[in-house]
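Respectively, the protein sequence lines represent chains E and P.
Just so we're aligned: the first sequence equals residues 4 to 115 in the numbering used here.
Just so we're aligned: the second sequence equals residues 4 to 115 in the numbering used here.
Ideal Cβ positions, reconstructed from N, Cα and C, are used throughout, including at glycine.
2 protein chains.
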Amino acid sequence: MSDPLSNVFSALADPTRRAILARLALGEASVTELAKPFQMTGPGISKHLKVLERAGLIVRGRAAQWRPSRLQARPLKDAADWLDHYRHYWEESFDRLDEHLRTLQTKGKDGE
Amino acid sequence: MSDPLSNVFSALADPTRRAILARLALGEASVTELAKPFQMTGPGISKHLKVLERAGLIVRGRAAQWRPSRLQARPLKDAADWLDHYRHYWEESFDRLDEHLRTLQTKGKDGE
């Protein structure tokens, strides 16, 4: 239903799904392997995998029993590219903070 | 309820909210000003602004009538930093594609 970028951001809006991606960055894993560290049931993990799969962030193998999940990082680039347009704004706010702190420091020294 | 990073990703998982941020990047705006280009009602926009505000992506003025919204880009940096850990993976997949295309090209030339 949603546009691809919304699907990616939505898939990332959950700490377990982000942790699954971090695990898959180390190599492919089955549902059983993924369930263990997260102390989740197989169906709980499968639900998260479906969200990640719909967002294009993982692909799953075909072998019925094993079906390992593999990270597909490509859609993360689209999310990073979108965010990159705002880099200027957060860097600017850091610059302003930096300037403000320097002003406070100078004032502090003047008072000594 | 959610962790801050999940709130940010969740707020970005909607094209209207992303467009509102793009508009606010140009300068602060009231609900009425935001509603016009999006052909949405004031309450519709207000709902989106609440989500953006909860994620820390905007702040709103206090004046009862005007209440302009202003972009706060700082939380976008956290999202970009998270994504940055995966840069290596999408760059690698591009490298592999590039290599594959070069192989195809070489094969094409051999066949000439």
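Per-residue contacts from F118 of chain P into chain E (C-beta, under 9 angstroms): Nothing can be reported for residue 118 of chain P, as the shown portion of chain P is limited to 4 through 115.
Cβ-based burial, E115 of chain E [other Cβ within 10 Å; buried from 16]: For E115 of chain E, the predicted structure reports a pLDDT of 43, less than 50, and the residue's modelled location is therefore unreliable. A value from the coordinates is still provided. Per the 10 Å Cβ criterion, exposed.
Through-space distance from Q108 of chain E to T19 of chain E, alpha-carbon basis: Going by the C-alpha atoms only, they are around 42 angstroms apart.
For L55 of chain E and I48 of chain E, believed in contact at Cβ under 8 angstroms, the rounded distance: I48 of chain E to L55 of chain E, Cβ: 10 angstroms. No contact.
Expected contact under 8 angstroms - CB spacing of P78 of chain E and A32 of chain E to nearest Å: Approximately 19 angstroms separates the beta-carbon atoms of P78 of chain E and A32 of chain E; this is outside 8 angstroms, ruling out the contact.
Helix, strand or coil at R73 of chain E [DSSP, three-state]: Three-state result, R73 of chain E: strand.
Three-way DSSP call (helix, strand, coil) for R63 of chain P in this model: R63 of chain P: strand per DSSP, three-state reduction.
Reference Q75 of chain E; option with closest CA among E:A16, E:S13 and E:G30: When each option's Cα is compared against that of Q75 of chain E, the closest is E:G30.
Beta-carbon neighbours of R77 of chain E, restricted to chain P and to distances below 7 angstroms: Those within 7 angstroms of R77 of chain E in chain P are W93 and S96.
Proximal chain E residues relative to S9 of chain P, where beta-carbon distance stays under 7 angstroms: Counting only Cβ-Cβ distances below 7 angstroms, S9 of chain P has contacts in chain E at A16, D17 and P18, in chain order.
Alpha-carbon to alpha-carbon, V11 of chain P and H91 of chain E: Rounded to whole angstroms, H91 of chain E to V11 of chain P spans 18 angstroms at the Cα level.
Within chain P, the residues that A22 of chain E reaches when beta carbons sit closer than 8 angstroms: Ordered by position in chain P, no residue passes the 8 angstroms Cβ test against A22 of chain E, which lies about 12 angstroms from the chain.
Whole-Å CB distance - A58 of chain P paired with Y89 of chain E, under 8 angstroms assumed: So it is not a contact: roughly 13 angstroms between Cβ atoms.
Any chain P beta carbon closer than 7 angstroms to D81 of chain E: No, D81 of chain E does not count as interfacial toward chain P.
8 angstroms Cβ shell around W85 of chain P - same chain, five flanking residues per side excluded: Setting aside the 5 residues that flank it on each side, W85 of chain P is surrounded in the same chain by L8, each with a C-beta closer than 8 angstroms to its C-beta; the list follows chain order.
Cα-Cα separation, K110 of chain E to R21 of chain P: Separation of K110 of chain E and R21 of chain P (C-alpha to C-alpha, rounded to the nearest whole angstrom) is 40 angstroms.
D6 of chain P: contacting residues in chain E (beta-carbon distance under 7 angstroms): Within chain E, the residues near D6 of chain P are P18.
Test: L86 of chain E CB closer than 7 angstroms to a CB of chain P: Yes, L86 of chain E lies at the interface with chain P (some Cβ there is under 7 angstroms from its Cβ).
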